[in-house]
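K.L.:
I'd like to ask some things about the structure below.
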Amino acid sequence: MVTFSINKSFVTSPEWTFVLYATEILSEKAKSMINNTDGRASDIEKTIDIDDVRLSRQGDPDAYTRLIERHQQEISKIMWRFSRNRTVHEELVQDVFVEAYISLATYKERAPFTHWLTRIATRVGYRYWKLKAREKKFERFSLEDWDQLNTKSSEEIDASQAATLLHNLLGQLSPRDRLVLTLRYLEGCDVVETAHRTGWTKSMVKVQTFRAKKRLQKLLPKQEIVL
Amino acid sequence: MKNDFLNTLINKAQQEESPKVYVSDKVIAILTADERRLGWFWNKPMMWIAALSSALAVPSAVLAFILNNIWVGPLYEISKVISWVM
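What follows is the structure, encoded as structure tokens:
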């Protein structure tokens, strides 16, 4: 058995004072790294994610649980654009994490885990819309609902009401048009990010956006759409 | 008429909070069940025997078909007659 003992004279020595000082500086540095908002905190998060991804690949369920817990609200927000039915929404979030686990070997660790995950979420959501379109299940939308809400002032409109109306309006379009408009205008993605999330080329995103806006215009014939 | 209403709706919709979800337990349960199902399959000795025998059955059937073609083919019949005459 190995025992360590600190000499009493060492505790009062200048070396010991130096050790204490160095520890204090290091802990301050670590705290500032965690609290820093200029991207270093996200670097730390990325490192934590990658560590958990590696452990998950080795079959550690706790590591994957941590990954899910860190990202589930973000994915919930994305999937809420794909379905406003709470049961379906929760199933879609589950599907994203199940699919992510199955494809975990394809994650290259170059981009943050969250970027890779949002791409999977988009794919799962798009697949759900395509399935719904094949089954001819469309959202219910009427121009009366639109006109009724249009008479209200901006302050009177509830966020949930607005999101539901938009969801139903976009639900009249094809899944492809719906996806590009949802990502560009509801999610606020630029062309590059939309291309990344859909797996399309940038020019394809631009053409698709243009065509989708034209088709949206046909749904609202009395009004000029400026997006 | 320009449609500022659509932009108002978009801005409002972006402010909407999504429902809180806690799916970690369910996801882990789904993944564990899948792994258990696969594990159950490969841990059964009869499953191994079935897998091996089905893997052997296909080449055996192909080999039997080829040998059958060789032995009952017209060339084989002719060569048998010639060897008898000689």
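Protein chains in written order, with my numbering: chain A, 159 to 385; chain B, 6 to 91. Yeah, the Cβ is synthetic: ideal placement off N, Cα and C, and Gly gets one too.
(1) Examine chain A for any beta-carbon lying closer than 7 Å to the beta-carbon of Ala18 (chain B), and answer yes or no.
(2) Does Trp238 (chain A) have its Cβ less than 7 Å from a Cβ in chain B?
(3) Counting Cβ pairs, one atom from each stretch, are 3 or more of them under 8 Å apart for the stretch 317 to 325 of chain A and the stretch 354 to 367 of chain A?
(4) Which residues of the stretch 283 to 316 of chain A have a Cβ closer than 7 Å to any Cβ of chain B? Give them in chain order.
(5) For the alpha helix (DSSP H) that Asn308 (chain A) lies in, which residues bound it at each end?
(6) Given a cut-off of 7 Å on the beta-carbon distance, is the pair Asp335 (chain A) and Arg373 (chain A) in contact?
(7) Quick check: is the beta carbon of Lys235 (chain A) nearer than 7 Å to any beta carbon in chain B?
(8) Restricting to runs no shorter than 3 residues, where is the beta strand (DSSP E) found entirely within the stretch 300 to 380 of chain A?
(9) Grab the span of the alpha helix (DSSP H) containing Val253 (chain A) for me, first residue to last.
(10) Compute the Euclidean distance between the alpha carbons of Trp238 (chain A) and Leu68 (chain B), then round it to the nearest angstrom.
(11) Would you please state the rounded distance, in angstroms, between the beta carbons of Ile33 (chain B) and Tyr222 (chain A)? I believe it to be under 8 Å.
(12) Hey, how far is the Cα of Glu82 (chain B) from the Cα of Leu61 (chain B)?
(13) How is Lys235 (chain A) classed by DSSP in three states: helix, strand or coil?
(14) Whole angstroms are fine: how far does the CA of Gly283 (chain A) sit from the CA of Ile208 (chain A)?
(15) Mind listing the chain A neighbours of Ser59 (chain B)? Cutoff is C-beta to C-beta under 7 Å, in chain order.
(16) Does Glu4 (chain B) pass the burial test, meaning 16 or more other C-beta atoms within 10 Å, or should it be called exposed?
(17) Following the continuous alpha helix (DSSP H) through Thr272 (chain A), name the residue where it begins and the one where it ends.
(18) Give every residue of the same chain whose Cβ lies closer than 6 Å to the Cβ of Val365 (chain A), excluding the five residues on either side of it in the sequence, and list them in chain order.
(19) Classify Leu327 (chain A) as buried or exposed, calling it buried when 16 or more other Cβ atoms lie within 10 Å of its own Cβ.
(20) Between Ile71 (chain B) and chain A, is any beta-carbon pair separated by less than 7 Å?
P.N.:
Let's see:
(1) yes
(2) Yes, Trp238 (chain A) counts as interfacial toward chain B.
(3) no
(4) Asn308, Ser312, Ile315
(5) 301 to 308
(6) The answer is yes: Cβ separation under 7 Å.
(7) yes
(8) none
(9) This sequence places Asp at residue 253 (chain A); Val is not what is there. Per DSSP, Asp253 (chain A) belongs to the alpha helix (DSSP H) from 244 to 260.
(10) 58 Å
(11) 7 Å
(12) 30 Å
(13) The answer is helix: DSSP assigns Lys235 (chain A) an H, G or I state.
(14) 25 Å
(15) The premise fails here: Ser59 (chain B) is roughly 26 Å from chain A at the closest Cβ pair, so nothing lies under 7 Å.
(16) This structure cannot settle anything about residue 4 (chain B), because the visible part of chain B is limited to 6 through 91.
(17) 271 to 292
(18) In its own chain, leaving out the 5 sequence neighbours on each side, no residue places its CB closer than 6 Å to the CB of Val365 (chain A).
(19) buried
(20) no
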